[in-house]
Each structure stands twice: as structure tokens, then as C-alpha cells.
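Numbering (our numbering), first residue to last: 15 to 74. Every residue, glycine too, gets a C-beta built ideally from N, C-alpha and C. The model shown is predicted, which means the values in this text are computed figures rather than measured ones. Reviewing the structure listed below.
And the structure:
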């Protein structure tokens, strides 16, 4: 009985580690990509914030 329980727990650990790894890989891949509109908005917001923080700084 105890042997079966530990065997099951080991498999649950491996399955959990696999699911966690898959979720992390998905998150990393998704976070690295922005759509064209999202990138443009991010650039505009960055330039606007830089102008408010330092009016003498030229936008890039």
C-alpha cells in the first residue's frame, strides 16, 4: 500500500512539473511578442512620459 502511494506521488510530481514548465514556456513566449499597434502605443507612451519627466530630452 505504501509503495503504491509513493509511486503515485512521484508521477504526480512529474506531471505537475511538466504542466508548470509548459505554462512558464507559454508565458515567456507570449510576453516577448507585441502586435504592431501595441508596439506603437508603447513607443508613444514612452516618448510622452520622457517629455513630461525631462522636457529637454529629445524623443528618439
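Over what stretch of residues does the alpha helix (DSSP H) that includes residue i continue unbroken?
i, result
"residue 55", "50 to 67"
Is residue i helix, strand or coil when you go by DSSP?
i, result
"residue 46", "coil"
Just to confirm, is the Cβ distance from residue i to residue j under 8 Å?
i, j, result
"residue 38", "residue 48", "no"
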